[in-house]
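Asker:
Chains as they are written, first to last, in the numbering used here: chain A, 1 to 418; chain B, 1001 to 1316.
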């Protein structure tokens, strides 16, 4: 950790600059461009940077095996600085450059802005449509009331994840008191209300011992919250917290000797495991479609190689977004099936597609364009075979939810192009 | 309930003392040099990163001394080759200079240590439970943080009040020409004060970096609250910084444990509100949800009713 990251960072930015130069020069005919719209500067730049490396890896793999329909795939990064307004400006540039595919995931507020803009654009410009592939924005609304024909979501939405978590919780005999602690914004409130509703339906005798909201990123010392959790007698905590707000909560809990199980969405990657460290041993759970121990557990050496090559050549933090692989492979399949790269034809081929991932089938539901895939609840423990971020700890599966079990009804009333 | 209150107060005092470690350096620099150092929390971050880097080579204990020293040297260089030149152009230029420094330091940290949190851990020797009260354990490291903060307060106070160095420093502020005429090198005194102040911030970083999280955003997270403490306690007043830190630490920590809203308070006076009442969201907003915002509210109130702060001496 001395000078290497500097050189690497310079190299990455040089590559990015070269790539965008090439993007301008290359002909639209021989490459399929996918615009990657994420924060590449500012406080969340690390997240944007990690996602970009995932996509680049997938594009390199696809191109190495001959590309799609004789064309190469190219990922073109655009910096939206994490803001919906900026994303709309970026979308304009994307369209002006003649790019027909966009992908984004960080922030449902950004996703909502993009869905609206893409919808409007596509209804006015039938010869130059845009397809939006969402790999991480989990607001259930995006595939319910606000659904769009041009939006495809490859991550399980917050409601599906919580359905799986609550299913798991009601099966555990020892879970009787659940404490909810969430960030005070749309996502946190959704996690809280959905969890309460589902637990009430599934097992009314589970008590909600507490339900608090705290401002995002403002709390340094979580020990007062930990004291409250302790006083409430809860043995399980459900939280939608991410980043430092999750790490600090777990650390403060460990210091006060609080022994509760944490159920979370985003404990497994992008710096959070190193920040939590040993404090989360045996306590922190996450729900994901992928973790590093899965190939070993399922005995899939080719997936093990896949993750290893990524860690060696692209990012030593390791492969994290399992769904980016699924998304890119399904997109390639859809293009081959449609024998075209026209967004409308590809979209029609993509909806209702059933694709075999190494961990089970993935189904793109036609009604709302929500992907159904196998989900895994895993626990942060030192028994894992694969170390996460050099912490000496990793994730081990404790429950598996088959794709069809994750399906929830949708209120989507999709407007289809004529 | 007793358990909750006891621990809330202990934690509040601890958080307050940590705030004090940061704000003492800031208020010291301000009272001695009249410079409002926006980059103060950045030196705190550097302290944490230096300590992380040093502790990977030779362990935590040497880092405890070397890292603040390193930060102080850096602070001295910044004063000597930066601030001193800017000083001629007045306070606005100084303010802008330190503001720019925040971004420079943040980018440097990005380049050297990357954007992810680093694995800076509590030393094993302090990783045990100090005591257990009402079934809640109090980690030894928290006790250590408290101890360091107390020792720091006592030493600063003694140095400034009881030693010759302290006298010269205080005199340099009020009558720089006279002190210069007596044969003291006033610019060097200022450099020393700036280095000392940033060193204190570095020390706070060393002991807080592993307790919280050492990451590039930590300066931004801590910066605003430190300013609140200093303005609240009175710019330039060391005892004010101590009292301000403790009040803000305790208010913030205790209010988190209070699940009461304005509606509950009104109920005590016999006024019953329903969810349908006008502005119901405001009346039913629990204190615990707004807890981290309370310090800023206190700041605004303080500026309205007592602009010089609790123990400040200046009206502006």
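Glycine is no exception: its CB is placed at the ideal position from the N, C-alpha and C atoms.
Compare the C-beta of residue 1119 of chain B with all C-beta atoms of chain A and state if any pair is closer than 7 Å.
Answerer: Along the second chain, one-based indexing puts residue 1119 of chain B at 119. Taking Cβ atoms only, chain A reaches closer than 7 Å to residue 1119 of chain B, which makes this a yes.
Asker: Please classify residue 1267 of chain B: is it buried, with 16 or more other beta-carbons within 10 angstroms of its beta-carbon, or exposed?
Answerer: The residue labelled residue 1267 of chain B in the question sits at position 267 within the second chain. With fewer than 16 other Cβ atoms within 10 Å, it is exposed.
Asker: Below 8 Å CB to CB, which residues in the same chain sit around residue 398 of chain A once its five sequence neighbours on both sides are set aside?
Answerer: Residue mapping note: residue 398 of chain A aligns to position 398 of the first chain, counting from 1. Excluding sequence neighbours, residue 398 of chain A sits near 168, 285, 377, 378, 379.
Asker: With DSSP collapsed to three states, give me the class of residue 369 of chain A.
Answerer: The residue given as residue 369 of chain A occupies position 369 in the first chain. Looking at residue 369 of chain A - three-state DSSP - the assignment turns out to be coil, as it is neither helix nor strand.
Asker: At 9 Å on the CB atoms, spell out the chain A contacts of residue 1228 of chain B, in chain order.
Answerer: Within the second chain, residue 1228 of chain B is the residue found at index 228, counting from 1. Under the 9 Å cutoff, chain A gives no residues; its nearest Cβ is about 12 Å from residue 1228 of chain B.
Asker: Check whether the region 1189-1199 of chain B touches the region 1020-1038 of chain B, taking contact to mean three or more Cβ pairs, one atom from each stretch, closer than 8 Å.
Answerer: yes
Asker: Touching or not, the region 1043-1056 of chain B and the region 1167-1184 of chain B, by the rule of three or more beta carbon pairs under 8 Å?
Answerer: no
Asker: Establish whether the CB of residue 1017 of chain B and some CB of chain A are separated by less than 7 Å.
Answerer: The count along the second chain starts at 1 and reaches residue 1017 of chain B at position 17. Answer no: the Cβ-Cβ gap between residue 1017 of chain B and chain A never drops below 7 Å.
Asker: Among B/1111, B/1262, B/1146, which one has its Cα closest to the Cα of residue 1317 of chain B?
Answerer: As displayed, chain B neither begins before 1001 nor continues past 1316, which places residue 1317 of chain B out of reach and without an answer.
Asker: Could you list which residues in chain B have their beta carbon closer than 9 Å to that of residue 321 of chain A, in chain order?
Answerer: For the purposes of this step, residue 321 of chain A is taken as the residue at position 321 of the first chain. Going along chain B, no residue has its Cβ under 9 Å from residue 321 of chain A, so there is no contact; the nearest lies around 16 Å.
Asker: Assuming residue 415 of chain A and residue 149 of chain A form a contact by the criterion Cβ under 8 Å, report the distance between their Cβ atoms to the nearest whole angstrom.
Answerer: Position 415 of the first chain, counting from 1, holds the residue named residue 415 of chain A. Position 149 of the first chain, counting from 1, holds the residue named residue 149 of chain A. Indeed, because the Cβ distance is near 6 Å, the residues count as touching under 8 Å.
Asker: Rounding to the nearest angstrom, what Cα-Cα distance links residue 1152 of chain B and residue 1013 of chain B in this structure?
Answerer: Mapped onto the second chain, residue 1152 of chain B falls at position 152. Mapped onto the second chain, residue 1013 of chain B falls at position 13. Each residue's alpha carbon lies about 15 Å from the other.
Asker: Between the Cα of residue 275 of chain A and those of A/244, A/263, A/305, spot the shortest distance and give me the residue it belongs to.
Answerer: Residue 275 of chain A sits at position 275 when you count from the first residue of the first chain. With distances taken between Cα atoms, residue 275 of chain A lies closest to A/244.
Asker: Assess contact between the region 70-85 of chain A and the region 102-121 of chain A, defined as three or more Cβ pairs (one per stretch) separated by less than 8 Å. Is contact present?
Answerer: yes
Asker: So which of A/60, A/45, A/48 has the shortest CA-CA distance to residue 310 of chain A?
Answerer: Numbered from 1 along the first chain, position 310 holds the residue referred to as residue 310 of chain A. Looking at the Cα atoms, A/60 is the closest of the given residues.
Asker: Contact criterion: CB-CB distance below 7 Å. Does residue 1213 of chain B meet it with respect to chain A?
Answerer: The count along the second chain starts at 1 and reaches residue 1213 of chain B at position 213. It does: the Cβ of residue 1213 of chain B has a partner Cβ on chain A nearer than 7 Å.
Asker: Have a look at residue 335 of chain A and residue 228 of chain A and give me their C-alpha separation to the nearest angstrom.
Answerer: In the first chain, counting from the first residue as 1, residue 335 of chain A sits at position 335. In the first chain, counting from the first residue as 1, residue 228 of chain A sits at position 228. If I take the Cα positions, the gap works out to 53 Å.
Asker: In chain A, what lies closer than 9 Å to residue 1004 of chain B by C-beta?
Answerer: Here residue 1004 of chain B refers to the residue found at position 4 of the second chain. Using a Cβ-Cβ cut-off of 9 Å, residue 1004 of chain B is close to 224, 227, 228, 230, 231 of chain A, given in chain order.
Asker: Please report how far the alpha carbon of residue 1310 of chain B lies from the alpha carbon of residue 1300 of chain B, in whole angstroms.
Answerer: Taking the second chain and counting its residues from 1, the one referred to as residue 1310 of chain B is at position 310. Taking the second chain and counting its residues from 1, the one referred to as residue 1300 of chain B is at position 300. Here the alpha carbons of residue 1300 of chain B and residue 1310 of chain B stand approximately 13 Å from one another.
Asker: Leaving aside the five residues before and after residue 408 of chain A along the sequence, list all residues of the same chain whose C-beta is less than 7 Å from its C-beta, in chain order.
Answerer: Sequence index remark: in the first chain, residue 408 of chain A carries index 408 (1-based). Cβ neighbours of residue 408 of chain A beyond the five flanking positions: 159, 160, 163.
Asker: If distances are taken between C-alpha atoms only, which option among A/219, A/212, A/261, A/358 comes closest to residue 373 of chain A?
Answerer: Position 373 of the first chain holds residue 373 of chain A. For the residues A/219, A/212, A/261, A/358, the minimum Cα distance to residue 373 of chain A belongs to A/358.
Asker: Distance, Cα to Cα, residue 459 of chain A vs residue 146 of chain A?
Answerer: An answer regarding residue 459 of chain A cannot be provided, because it is not within the stretch 1 to 418 covered by chain A.
Asker: Ignoring anything shorter than 3 residues or poking outside the region 1086-1174 of chain B, list the beta strand (DSSP E) runs there in chain order.
Answerer: Every beta strand (DSSP E) of 3 residues or more that sits fully in the region 1086-1174 of chain B is shown, in chain order, as 1129-1133, 1136-1139.
Asker: Could you tell me whether the Cβ atoms of residue 111 of chain A and residue 80 of chain A are closer together than 7 Å?
Answerer: As a position in the first chain, residue 111 of chain A is number 111, starting the count at 1. As a position in the first chain, residue 80 of chain A is number 80, starting the count at 1. Contact flag unset, no.
Asker: If residue 253 of chain A and residue 226 of chain A are in contact, beta carbons under 8 Å, what's the gap, nearest whole angstrom?
Answerer: Sequence index remark: in the first chain, residue 253 of chain A carries index 253 (1-based). Sequence index remark: in the first chain, residue 226 of chain A carries index 226 (1-based). Correct: roughly 5 Å between the Cβ atoms.
Asker: Taking 7 Å as the CB-CB limit, is residue 212 of chain A close to chain B?
Answerer: The residue you call residue 212 of chain A lines up with position 212 of the first chain. So, interface residue.
Asker: Under the assumption that residue 180 of chain A contacts residue 210 of chain A (Cβ atoms under 8 Å), give the Cβ distance between them as a whole number of angstroms.
Answerer: On the first chain, position 180 is the one that residue 180 of chain A refers to. On the first chain, position 210 is the one that residue 210 of chain A refers to. Going by Cβ atoms, the distance from residue 180 of chain A to residue 210 of chain A rounds to 7 Å, so yes, they are a contact pair.
Asker: Quick one: what's residue 153 of chain A bridged to in DSSP?
Answerer: Here residue 153 of chain A is taken as the residue at index 153 of the first chain, counted from 1. Assignment of beta-bridge partners to residue 153 of chain A by DSSP yields A/134, A/370.
Asker: Just grab the DSSP bridge partners of residue 230 of chain A for me.
Answerer: Working through the first chain from its first residue, we reach residue 230 of chain A at position 230. Its beta-bridge partners do not exist; DSSP assigns none.
Asker: If the cut is a Cβ gap below 7 Å, which residues of chain B does residue 77 of chain A touch?
Answerer: In the first chain, counting from the first residue as 1, residue 77 of chain A sits at position 77. Result: empty, since nearest Cβ-Cβ is about 16 Å, beyond 7 Å.
Asker: Going along the region 1035-1063 of chain B in order, which residues come within less than 7 Å of chain A, judged by CB to CB distance?
Answerer: Listed by position, the residues of the region 1035-1063 of chain B near chain A (Cβ gap below 7 Å) amount to none.
Asker: Could you check the C-alpha separation between residue 257 of chain A and residue 1090 of chain B for me, to the nearest Å?
Answerer: To locate residue 257 of chain A, count along the first chain from 1; it is residue 257. To locate residue 1090 of chain B, count along the second chain from 1; it is residue 90. Straight-line Cα distance between these residues: approximately 52 Å.
Asker: Would you check if the region 1236-1248 of chain B and the region 1060-1077 of chain B touch, i.e. whether three or more CB-CB distances between them fall below 8 Å?
Answerer: Under the Cβ criterion (8 Å, minimum of three pairs), the region 1060-1077 of chain B does not count as touching the region 1236-1248 of chain B.
Asker: Grab me the residues of residue 26 of chain A's own chain with a C-beta within less than 6 Å of its C-beta, minus the 5 sequence neighbours each way, in chain order.
Answerer: Within the first chain, numbered from 1, the residue matching residue 26 of chain A stands at position 26. With a pLDDT of 42 at residue 26 of chain A, under the threshold of 50, the predicted position of this residue should be treated as unreliable, though the coordinate-derived value follows. The answer is none, since no qualifying residue turns up.
Asker: List the residues of chain A that residue 1139 of chain B touches, going by C-beta distances under 7 Å, in chain order.
Answerer: Working through the second chain from its first residue, we reach residue 1139 of chain B at position 139. Here the neighbours are 255.
Asker: I need the straight-line Cα distance from residue 295 of chain A to residue 303 of chain A, nearest angstrom please.
Answerer: Counting from one through the first chain, the residue named residue 295 of chain A turns up at place 295. Counting from one through the first chain, the residue named residue 303 of chain A turns up at place 303. Cα to Cα, the separation comes out at about 6 Å.
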